[in-house]
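Residue numbers (the working numbering): 501 to 629.
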């Protein structure tokens, strides 16, 4: 297995540990929410996941951060084969990609809009049994 294929396997494993489906559309959406450069394409992400290409270093570092792992481990692997880096503290296992995307979008809102959203959430929570 060549280095691109090995990276692909580590990327898919890191996505699974992060609670994400190993699908290009999922990773593309999450990645582009955070990347400050030119957005990656669906085809580019698909190439990472199928072992046809490797991301550039800045993209690799962001991928690792988003997936809660180390960039070197994601790129080169651990000393023990097949081992995925321990997930960094962050999202709980109960949040899914939709929850994370909603929170990321919430954080982009202006303060006044955030307050309105918090009030709606509080009103809904007050109705819980």
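Note that CB positions come from ideal geometry on N, CA and C, so glycine has one too.
Contact between residue 577 and residue 505 fails: their C-beta atoms lie close to 12 angstroms from each other, not under 8 angstroms. Residue state for residue 598 is assigned as helix, using DSSP reduced to three classes.
Secondary structure of residue 553 (DSSP, three-state): coil.
In this structure, the beta-carbon distance from residue 528 to residue 545 falls below 7 angstroms.
Judged by DSSP in its simplified three-state form, residue 578 adopts coil rather than helix or strand. Between the alpha carbons of residue 603 and residue 620 lies a gap of roughly 14 angstroms. Assigned with DSSP and collapsed to three states, residue 520 falls in coil, not helix or strand. In the structure shown, residue 628 falls within a coil segment according to DSSP collapsed to helix, strand and coil. Taking 7 angstroms as the cut-off, the Cβ atoms of residue 520 and residue 526 count as close.
Rounded to the nearest whole angstrom, the C-alpha separation of residue 514 and residue 606 is 25 angstroms. With a contact defined as Cβ atoms closer than 8 angstroms, residue 522 and residue 566 miss out at about 14 angstroms.
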